[in-house]
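J.: Below is the structure I would like to discuss, written out as structure tokens.
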Amino acid sequence: MLTPEIESLIARLPKAELHLHIEGSLEPEMLFALAERNAVTIPFDTVEAVRAAYSFSNLQDFLDIYYQGMSVLQTERDFYDLTWAYLERAKADAVRHVEIFFDPQGHTERGIALETVLNGIDSALKAAETRLGITSRLIMCFLRHLSEEEAEATLDQALPHLDRIHGVGLDSSELGHPPAKFERVFARARALGLHVTAHAGEEGPPAYVREALDLLKVERIDHGNRALEDPALVHRLARDGMTLTVCPLSNLRLCVIDRIEDSPVRRMLDLGLKVTVNADDPAYFGGYINDNFRAVAAALDLTADQLVALAKNSFAGSFLPEAEIARHLSAIDEAARG
Ligand code: HPA
Ligand code: ZN
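Letter 158 of the sequence shown, counting from 1, is numbered 383 in this note's numbering, and no numbers are missing.
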């Protein structure tokens, strides 16, 4: 149960969202609208039928539907509309800064040019800065079920656009695709001055989190749940102040946890880890960032101080310059005072 005070605090706390796949914000209503606009056939008749299909037993179950959903995204305007809809929704949740992922290979392998994708997403991000007061960074993810050579080719294609791409990430099917597979392409990305992050420890073992740190030299761990199985790794993550971008409703819907009460958010806070709360793929997992905050606040009985710590971690773990981080942290203190 949430008290009205905690509800109101969650609603007004300024936040940064650090783990959001823009393609995962494609709501069923927009899926239908874009299917019609682009004359793409989708295997559903109604929005209800789409939502009913969003029942997953694991990450792969979800990914199969997620990649299928992308087929309706074809033009620059589609990517703009998708991104703008997310940003307006984020604004309603007091999100002030976003660092969003996109999956270029999910589009280029369908014959959509990287430039089309990038132009659409980037123009919505730029519009959000002036019209919504939301700043942003864009992170290009490599699909880990594909080869490192394909990731290298994607990085090559991105070279003319690095003024609009700030970092690289690693997502898709984790088991059997350890971070080590991408050591060289991540080294090249770092040498280009890009920020680096990777999904690790969502379904994969603690060893994958270690590899992400040691071999990819990531600045954040996306998810990181299974790091908790390894006390020495927890110690290291806490000592180094490594940010973990946890996604509670995603974890529940992908059966990473059985019950929302099993979310690691509070344990991570208690262990001194820099945990953040994020939506991952909100259209598929039943909630945006504040839905995730409310779910864990209620299930884990989080205090106002713990919620403030989560919001602060989100800015502290962002790729913003220190002065901007400091400004956001002051705004959080002000919001917390009511
Ligand atoms: N995990 C891995 N790959 C993904 C996810 C996720 O949660 N969302 C979109 N691609
Ligand atoms: Zn993710």
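For each residue, glycine too, the CB sits at the ideal point set by N, CA and C.
Would you check whether the ligand ZN has a heavy atom nearer than 7 Å to the C-beta of aspartate 396?
T.: Here the question's residue 396 lines up with position 171 in the sequence shown. At a threshold of 7 Å, aspartate 396 counts as near the ligand ZN, since its beta carbon sits closer than that to one of the ligand's heavy atoms.
J.: Enumerated in chain order, which unbroken segments of the beta strand (DSSP E) with a length of 3 residues or greater are wholly contained in the stretch 450-498?
T.: 468-471
J.: Between the stretch 305-321 and the stretch 503-517, do at least 3 Cβ pairs fall closer than 8 Å?
T.: yes
J.: Please report the distance separating the alpha-carbon of glutamate 354 from that of phenylalanine 540.
T.: Along the sequence shown, one-based indexing puts residue 354 at 129. Along the sequence shown, one-based indexing puts residue 540 at 315. Taking the straight line joining both Cα atoms gives about 17 Å.
J.: Can you give me the start and stop residues for the alpha helix (DSSP H) that aspartate 530 sits inside?
T.: Stepping through the sequence shown from its first residue, residue 530 is reached at position 305. Here the alpha helix (DSSP H) through aspartate 530 covers 529-541.
J.: Quick check on the DSSP output: the alpha helix (DSSP H) that includes valine 421 runs from which residue to which?
T.: Here residue 421 is taken as the residue at index 196 of the sequence shown, counted from 1. Counting along the chain, valine 421 falls outside any alpha helix (DSSP H), though it belongs to the beta strand (DSSP E) covering 420-425.
J.: Would you mind giving the Cβ-Cβ distance between leucine 234 and alanine 561, rounded to the nearest angstrom? I have them listed as a contact below 8 Å.
T.: To locate residue 234, count along the sequence shown from 1; it is residue 9. To locate residue 561, count along the sequence shown from 1; it is residue 336. Their Cβ separation, rounded to whole angstroms, is 7 Å, which keeps leucine 234 and alanine 561 in contact under 8 Å.
J.: For alanine 264, collect the residues of the same chain with a Cβ closer than 8 Å to its Cβ; drop the 5 residues on either side in sequence, then sort them by chain order.
T.: Mapped onto the sequence shown, residue 264 falls at position 39. Within the same chain, no Cβ atom closer than 8 Å to the Cβ of alanine 264 is found once the five residues on either side in sequence are excluded.
J.: Closest to valine 502 by C-alpha separation, out of Ala522, Pro268, Cys480 and His386, would be which residue?
T.: Against the sequence shown, residue 502 aligns to sequence position 277. It is Ala522.
J.: What does the Cβ neighbour count give for aspartate 270, buried or exposed, with the cut at 16 atoms within 10 Å?
T.: Working through the sequence shown from its first residue, we reach residue 270 at position 45. With fewer than 16 other Cβ atoms within 10 Å, it is exposed.
J.: Any heavy atom of the ligand HPA closer than 7 Å to the Cβ of serine 475?
T.: For this step, residue 475 is matched to residue 250 along the sequence shown. Checking the Cβ of serine 475 against the ligand HPA gives yes.
J.: Ordered along the chain, which non-local residues of its own chain (more than five positions away) have a Cβ less than 7 Å from that of glutamate 408?
T.: Sequence index remark: in the sequence shown, residue 408 carries index 183 (1-based). These residues qualify, in order along the chain: Leu440 and Leu441.
J.: With respect to the alpha helix (DSSP H) encompassing serine 361, which residues constitute its N-terminal and C-terminal limits?
T.: By one-based count along the sequence shown, residue 361 stands at place 136. Premise fails: serine 361 lies in the beta strand (DSSP E), 360-368, not in any alpha helix (DSSP H).
J.: Going by C-alpha to C-alpha distance, which of Glu454, Glu486, His424 and Met255 sits closest to aspartate 468?
T.: Here residue 468 refers to the residue found at position 243 of the sequence shown. Rather than aspartate, the amino acid found at residue 468 in this sequence is threonine. Nearest of Glu454, Glu486, His424 and Met255 to threonine 468, Cα basis: His424.
J.: Alpha carbon to alpha carbon, how far is isoleucine 482 from glutamine 531? Give it in angstroms, no decimals.
T.: In the sequence shown, residue 531 corresponds to position 306, counting from 1. In the sequence shown, residue 482 corresponds to position 257, counting from 1. The alpha-carbon atoms of glutamine 531 and isoleucine 482 are separated by roughly 21 Å.
J.: Between the Cα of tyrosine 433 and the Cα atoms of Ala338, Asp396 and Leu417, which residue gives the shortest distance?
T.: Residue 433 sits at position 208 when you count from the first residue of the sequence shown. Of the listed residues, the one whose Cα sits closest to tyrosine 433 is Asp396.
J.: For lysine 312, tell me which candidate among Gly331, His420, Pro403 and Leu251 has the shortest Cα-Cα distance.
T.: As a first step, residue 312 is located in the sequence shown; it is residue number 87 there, counting from the start. First, the residue type needs correcting, since residue 312 is leucine and not lysine in the sequence shown. Looking at the Cα atoms, Leu251 is the closest of the given residues.
J.: Report all residues from its chain with a CB closer than 7 Å to the CB of arginine 389; omit the five preceding and five following residues, and keep chain order.
T.: Numbered from its first residue, the sequence shown carries residue 389 at position 164. Once the five neighbours on either side are set aside, the close Cβ partners of arginine 389 are Leu343, Asp347 and Leu363.
J.: Is the CB-CB distance between leucine 324 and leucine 256 below 8 Å?
T.: Position 99 of the sequence shown, counted from the first residue, corresponds to residue 324. Position 31 of the sequence shown, counted from the first residue, corresponds to residue 256. The question names leucine, yet the displayed sequence has glutamate at residue 324. Result no, Cβ atoms of glutamate 324 and leucine 256 do not sit closer than 8 Å.
J.: Could you check if leucine 284 belongs to the surroundings of the ligand HPA, using beta carbon to heavy atom distance under 7 Å?
T.: Indexing the sequence shown from 1 puts residue 284 at position 59. Yes - the ligand HPA has a heavy atom lying nearer than 7 Å to the Cβ of leucine 284.
J.: For the alpha helix (DSSP H) holding alanine 522, just list the boundary residues, first then last.
T.: In the sequence shown, residue 522 corresponds to position 297, counting from 1. Run containing alanine 522: 514-525, per the alpha helix (DSSP H) assignment.
J.: So the candidates are Arg445, Leu245 and Glu436; which of them puts its Cα closest to the Cα of glutamate 538?
T.: The sequence position of residue 538 within the sequence shown is 313, counting from 1. One point to set straight first is that residue 538 is asparagine, not glutamate, in the sequence displayed. Looking at the Cα atoms, Arg445 is the closest of the given residues.
J.: Less than 7 Å separating the Cβ of leucine 401 from some heavy atom of the ligand HPA?
T.: In the sequence shown, the residue the question calls residue 401 occupies position 176. At residue 401 the sequence reads glycine, which differs from the leucine that was named. Glycine 401: no, Cβ never under 7 Å from the ligand HPA.
J.: I'd like to know whether the C-beta atoms of leucine 387 and glutamine 330 end up nearer to each other than 8 Å.
T.: What you label residue 387 is simply residue 162 of the sequence shown in a count that begins at 1. What you label residue 330 is simply residue 105 of the sequence shown in a count that begins at 1. No. Outside cutoff.
J.: With distance defined between alpha-carbon atoms, name the residue in Asp328, Phe304, Thr266 and His460 nearest to histidine 370.
T.: As a first step, residue 370 must be located in the sequence shown, where it is residue number 145. Nearest in C-alpha terms to histidine 370, of all of Asp328, Phe304, Thr266 and His460, is Asp328.
J.: In chain order, which alpha helix (DSSP H) runs of at least 4 residues are fully inside the stretch 260-335?
T.: 272-278, 284-294, 301-317 and 329-333
J.: Taking the continuous alpha helix (DSSP H) assigned at alanine 241, which residues delimit it?
T.: Looking up residue 241 in the sequence shown gives position 16. Premise fails: alanine 241 lies in the beta strand (DSSP E), 240-246, not in any alpha helix (DSSP H).
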